[in-house]
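Q: The sequence shown begins at 1 in UniProt numbering and counts up by one. For reference, the structure I am asking about is given below.
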Amino acid sequence: MRFGRYTVDTRSRRFEVDGQAVELGSRAFDLLVALIESRGTIVSKEEIIRRVWPDVVVDEANLRVQLAKVRKALDDDRHLIRTVPSRGYLFAGDVPVAIDPMPDGAAIGPAPPVTSAEIVPEPLGNLPKPMHSLIGRSIQLMDLRHSIGQHRLVTLVGPGGIGKTRLAIAAGRAMAPSFPDGVWLIDLAPLADPQAVTSVAATVLGIRLSQMETAVSAIASAIGTRRMLLIFDNCEHLIGAAAELIRQSLARAPGLSVVATSQERLDIQGEQVCRLGPLDVPSDARGDVLGFGAVALFVERACAADRSFVLDQVSRERVVEICRRLDGIPLALEMAAARVPLLGLGGLLKGLDERLRMLKGSKHGIRDRHRTLLDMVEWSYGLLDRADQEVFRRLAIFAGLFSLEAAAAVAGSDRSDRWDMADSLGRLLDKSLIAIEPGEPPHYRLLETLRLYAAERLAESGEREACAERHARYFAERSGQVHDAWPTTPEPAWLAMAQLDLDNIRVALDWALADPSRAPTAIALAGAAGRHWSRLGLIAEGKRYTDRALPLISPETPPVMAARLLQHAGGLRVIVAEGPAALTFLKQAEALYRQIDDRIGLASVLAIIGAILSIRSEFAEARTLLNEAKDLLADQQSTKQLFSIENALGIVASTMDEPAEARTSYVRALQLAREMGNAAGEGEILNNLADLEFGCGNIERAIDWAQKAVSQFRSCELFPRLGLALYNLATYLIAKDELSTARPHAEEALSLAGDAGGLTLLACLQQWALIGALEGRHDEAARLLGFVELTYASTGEVREKPEQQIYDRLSALLATALSPASLQNRAAEGASWSEAQALRFTIDRLVPYQFADGSVSSEV
């Protein structure tokens, strides 16, 4: 294996730099090989230890020592081995693999056996697994990959149906090793509202938009220094919003690259445009016609549709003519190939002849290739029977995915049932007019080009309003079912259900809110979907919809619908710190729930109000409301709500200095979290128990709980909460004067907090100032304290008890070690820093360990 100046020979176990052997040691050599073999993917510390030290029990200190040896041997290229906080290590070097490219149309023979070394790991990200091979695009794929490697923004431009999405996804898969933080597909096709672009991007990337500041800025900041590729698909109808998000993200995130697909360029500085044309079509039927992409694609799809199909001397001439008539447009070719079992090649050609002759000269102003695709779609639509035409055009009302049940409710007729719809969807699928997304249950979708055509036919039929009404009512009912299932459904499964419906909920809400006469549907849907927005972290978007629906509430509104909307309008305001408005809505919801004796709804609202009051230090009233909520749920299967209530009661008791009561509530909450498999909730309670014991002076117990919290958050990859747990653990170990044990936890906490910023980072910086002072680096500690003090003062934030203890100890150490003038001067220097400067100073000057002789270790 070779990379750059280095050669690794696994047979002779020899490592060379510039052709000269360098002694690594057995374990370090095995470590380097393990990372190279997993190049482009993150390898956990546990996996490395398992592979390098099989059947031997070692700790992470051994791993760090061997890693330091490898990095030292790599010298100036030590950056090729990257530390991924809380996840493991990544080899980022380029190790060439010899591949003999097969030209399109080459004969396909038996594949050689696949060895373990040839297995390509699934890349990090959300790219769909390809349903079909990419045909006829090898040169374009190579060009696109080259452009992605050379430019941070590449826009793939071409007409609908030309294959932009498939090519972009193939390029993303091929480039995955170059993007260790993932390749992520953001599909804009289902969206109509430009403001939803940021919400969809945030959801894909797992970013919570919980504040009301610019969502574009929040996403760009969250990406930070991560090395990732984003594929924005179908940008043309939302080009302004997409371009702005892409522009700001590229400006603020230096490791980000973007591929956009669109029918027009984004017009952003630095944009590299790649234009995608049709597949190659042979001029005649002589020679190797399978070497042309259009023929190869048609033949593969025809064989898939009709097992008896054979490309012989007679059929090849007809196939070439079909490809020529359809201008090599992939979507048109796939639709035509799906007709082969029904019509045969002769019938297909005759139909195309008649259709194109009839339409020749019409549709002035439409580009030829686009007209060819439109003609193919129109012809395919015309061949459907009346019932399937009706279903196909009604399916245009869906945004993104839809289920069989949804299709039956929205696109079916009064005389059809679920099984009739299943048959109809099957026929449309066979004719390539809809696509299927495998799963349990499977879901369906229309490609964007076909959806736009179906939408035109729906508008012409005069059915659009009735169809939109059925769509909105179906998703109001469906969202209500999902909403009510939350208390008893495991969180991952519930989030998956909620996420699946979001695109259709957006479309339905926009329709329902556009006309006051639709108020009942708008209120029902906005209230039912309220929990979707909060649990998925789409706070700003959820607040926009609930704000638009609230004025529609009237005396005629069913109390349960009004109460649900008011409840979530209040809950969303709690998250964005609009306490007074939140209480107003929540108390209105409380009154309505009491009026209709809805015990579960009332308990939910009382729990939120109790949490607000505890934040406002109104502990007695908070406890009363929380206990009432708990009693209301005594005979209900509402484990999630009981968990939240017990946790809130524990926080109230802890704050009121009632540790025994707090401990009892936390233990109950811990049991509930484990019963429902809520790993994140379990970690939260473990953290709270650690904090409680530390406040009581039980440092050993605090450390034990904190270690369990760290393990819990690490196992479920909740990195922001992991950072806080690591900070707490380091705090307790420092209090016990176990500084060397605390250091790695404090370092990892700092790396995680550095991405998030805010109060957590401020606490970590103060912690590192104390570590520096304890190690005798008083000048550095004083400078950093200056930044921390000014930031606390300017934000008005108050230190919690553990942070205050750190501050008091740090201040006492510095007051003893430095003169008042020196302390003031150094603190003033730090007070002039930005947050980024303070973080950089900490990483450069305090994180590296200082030995007794004054030398400093390198980071491992």
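No residue lacks a Cβ here, since even glycine has one placed at the ideal position from N, Cα and C.
Express the C-alpha separation of MET142 and PRO520 in angstroms, rounding to a whole number.
A: Here residue 520 refers to the residue found at position 520 of the sequence shown. Here residue 142 refers to the residue found at position 142 of the sequence shown. If you take the alpha carbons of PRO520 and MET142, they lie about 54 angstroms apart.
Q: Please check the pair ILE42 and LEU31, which I expect to be a contact at CB under 8 angstroms, by giving their CB distance rounded to whole angstroms.
A: As a first step, residue 42 must be located in the sequence shown, where it is residue number 42. As a first step, residue 31 must be located in the sequence shown, where it is residue number 31. Not confirmed; about 15 angstroms, so no contact.
Q: Taking contact to mean at least 3 C-beta pairs separated by less than 8 angstroms, is the region 200 to 209 in contact with the region 291 to 304?
A: Touching, no, given that fewer than three Cβ pairs across the two stretches are closer than 8 angstroms.
Q: Considering only their Cβ atoms, is the gap separating VAL183 from ILE231 smaller than 9 angstroms?
A: For the purposes of this step, residue 231 is taken as the residue at position 231 of the sequence shown. For the purposes of this step, residue 183 is taken as the residue at position 183 of the sequence shown. Against a cut-off of 9 angstroms, the Cβ pair of VAL183 and ILE231 comes out as a contact.
Q: Going by other Cβ atoms of all chains shown within 10 Å of its Cβ, with 16 needed for buried, is PRO490 buried or exposed?
A: Within the sequence shown, numbered from 1, the residue matching residue 490 stands at position 490. Its Cβ having fewer than 16 others within 10 Å, PRO490 is exposed.
Q: Should GLN804 be labelled buried (16 or more other beta-carbon atoms within 10 Å of its own) or exposed?
A: Here residue 804 refers to the residue found at position 804 when the sequence shown is read from its first residue. The residue is exposed, with fewer than 16 neighbouring Cβ atoms inside 10 Å.
Q: If I measure Cβ to Cβ from ARG152 and keep anything under 8 angstroms in the same chain, skipping five residues before and after, which residues do I get?
A: Residue numbering aside, residue 152 sits at position 152 when the sequence shown is read from its first letter. Here the set comprises LEU250, LEU256, SER257, VAL258, GLY270.
Q: Just how far apart, CA to CA, sit ALA215 and ALA549?
A: Against the sequence shown, residue 215 aligns to sequence position 215. Against the sequence shown, residue 549 aligns to sequence position 549. Approximately 22 angstroms between the Cα atoms of the pair.
Q: For a test of the three-state rule: what should DSSP assign to LEU188, helix, strand or coil?
A: Position 188 of the sequence shown, counted from the start, is the residue given in the question as residue 188. Of the three classes helix, strand and coil, the one that applies to LEU188 here is coil, per DSSP.
Q: For the structure I just gave you, are there three or more beta carbon pairs, one from the region 724 to 732 and one from the region 698 to 709, closer than 8 angstroms?
A: The region 724 to 732 is in contact with the region 698 to 709.
Q: From LEU450 to VAL377, what distance separates their C-alpha atoms?
A: For the purposes of this step, residue 450 is taken as residue 450 along the sequence shown, with counting starting at 1. For the purposes of this step, residue 377 is taken as residue 377 along the sequence shown, with counting starting at 1. Cα-Cα distance, rounded: 7 angstroms.
Q: Using DSSP with H/G/I as helix, E/B as strand and the rest coil, what is GLU440?
A: For the purposes of this step, residue 440 is taken as the residue at position 440 of the sequence shown. Coil.
Q: Is the beta carbon of LEU672 sitting closer than 9 angstroms to the one on PHE643?
A: For the purposes of this step, residue 672 is taken as the residue at position 672 of the sequence shown. For the purposes of this step, residue 643 is taken as the residue at position 643 of the sequence shown. Yes, these two residues count as a Cβ contact at 9 angstroms.
Q: For MET228, which beta-bridge partners are listed by DSSP?
A: One-based indexing of the sequence shown puts residue 228 at position 228. Paired residue(s): LEU256.
Q: Could you check the C-alpha separation between SER12 and ALA746 for me, to the nearest Å?
A: Within the sequence shown, the letter at position 12 stands for residue 12. Within the sequence shown, the letter at position 746 stands for residue 746. Approximately 40 angstroms between the Cα atoms of the pair.
Q: Indicate the three-state DSSP secondary structure (helix, strand or coil) for residue 888 in the structure shown.
A: With the chain running from 1 to 860 in the structure shown, residue 888 is simply not present.
Q: In terms of residues, what are the limits of the alpha helix (DSSP H) holding ASP143?
A: Taking the sequence shown and counting its residues from 1, one reaches residue 143 at position 143. Segment 138 to 150, the alpha helix (DSSP H) holding ASP143.
Q: Just to confirm the assignment: which complete alpha helix (DSSP H) runs, minimum length 4, are found wholly within the region 693 to 721?
A: Whole alpha helix (DSSP H) segments, 4+ residues: 699 to 715.
Q: Thinking PRO278 and GLY328 are a contact (beta carbons under 8 angstroms), I'd like their distance in whole angstroms, please.
A: Counting from one through the sequence shown, the residue named residue 278 turns up at place 278. Counting from one through the sequence shown, the residue named residue 328 turns up at place 328. About 3 angstroms separates the two Cβ atoms, so the contact holds.
Q: With DSSP as the reference, label ARG82 as helix, strand or coil.
A: The residue given as residue 82 occupies position 82 in the sequence shown. In this structure, ARG82 counts as strand in the three-state DSSP scheme.
Q: For ASP312, does the three-state DSSP call read helix, strand or coil?
A: Residue 312 sits at position 312 when you count from the first residue of the sequence shown. Three-state DSSP puts ASP312 in coil, outside helix and strand.
Q: Between the region 650 to 658 and the region 491 to 504, do at least 3 Cβ pairs fall closer than 8 angstroms?
A: Cβ pair count under 8 angstroms is below three, so no.
Q: Exposed or buried, what is SER794 when buried is set at 16 or more other beta-carbons lying within 10 Å of its beta-carbon?
A: On the sequence shown, residue 794 is found 794 positions in, with the first residue counted as 1. When all chains shown are included, SER794 counts as exposed.
Q: Among residues of its own chain, excluding the 5 on either side of VAL8, which ones have a beta-carbon nearer than 7 angstroms to its beta-carbon?
A: To locate residue 8, count along the sequence shown from 1; it is residue 8. Excluding sequence neighbours, VAL8 sits near MET1, PHE15, LEU32, VAL33, ILE36.
Q: Quick check on this structure: which residue in MET175, ALA28, ARG71 has the alpha carbon closest to the alpha carbon of TRP53?
A: Within the sequence shown, the letter at position 53 stands for residue 53. Looking at the Cα atoms, ALA28 is the closest of the given residues.
Q: Does HIS816 pass the burial test, meaning 16 or more other C-beta atoms within 10 Å, or should it be called exposed?
A: Numbered from 1 along the sequence shown, position 816 holds the residue referred to as residue 816. Note on residue identity: the sequence assigns Thr, not His, to residue 816. Flag for THR816 reads exposed.
Q: Three-state secondary structure (DSSP) at ILE608?
A: As a working note, residue 608 is residue 608 in the sequence shown. If DSSP states are grouped into helix, strand and coil, ILE608 belongs with the helices.
Q: By Cβ distance, which residues of its chain are closer than 7 angstroms to ALA742, with the 5 residues on each side in sequence left out?
A: Along the sequence shown, read from residue 1 onward, the residue named residue 742 stands at position 742. The residues are ALA730, LEU733, ILE734.
Q: Compute the Euclidean distance between the alpha carbons of GLN636 and PRO487, then round it to the nearest angstrom.
A: On the sequence shown, residue 636 is found 636 positions in, with the first residue counted as 1. On the sequence shown, residue 487 is found 487 positions in, with the first residue counted as 1. If I take the Cα positions, the gap works out to 10 angstroms.
Q: Just list the alpha helix (DSSP H) runs in the region 763 to 816, keeping only unbroken ones of 4 residues or longer that don't cross its boundaries, in chain order.
A: Correct list: 778 to 795.
Q: With DSSP run on the structure shown, which of helix, strand or coil describes LYS640?
A: Stepping through the sequence shown from its first residue, residue 640 is reached at position 640. Helix, per DSSP.
Q: Let me know if GLN712 comes out buried or exposed under the rule of 16 or more other beta-carbons within 10 Å of its beta-carbon.
A: The residue labelled residue 712 in the question sits at position 712 within the sequence shown. GLN712 comes out buried.
Q: When the Cα of LEU458 is compared with those of VAL410, ALA485, LEU722, which residue comes out closest?
A: Translated into positions along the sequence shown, residue 458 becomes position 458. Nearest of VAL410, ALA485, LEU722 to LEU458, Cα basis: VAL410.
Q: Which of the three DSSP states is assigned to THR155 in this structure?
A: For this step, residue 155 is matched to residue 155 along the sequence shown. THR155: strand per DSSP, three-state reduction.
Q: My output table needs one value for VAL576: the three-state DSSP class, helix, strand or coil.
A: Taking the sequence shown and counting its residues from 1, one reaches residue 576 at position 576. In the structure shown, VAL576 sits in coil (DSSP, three-state: anything other than H, G, I, E or B).
Q: Look up CYS303 in the DSSP assignment and give the residues it is bridged to.
A: Position 303 of the sequence shown holds residue 303. Note: CYS303 sits in no beta bridge, so no partner.
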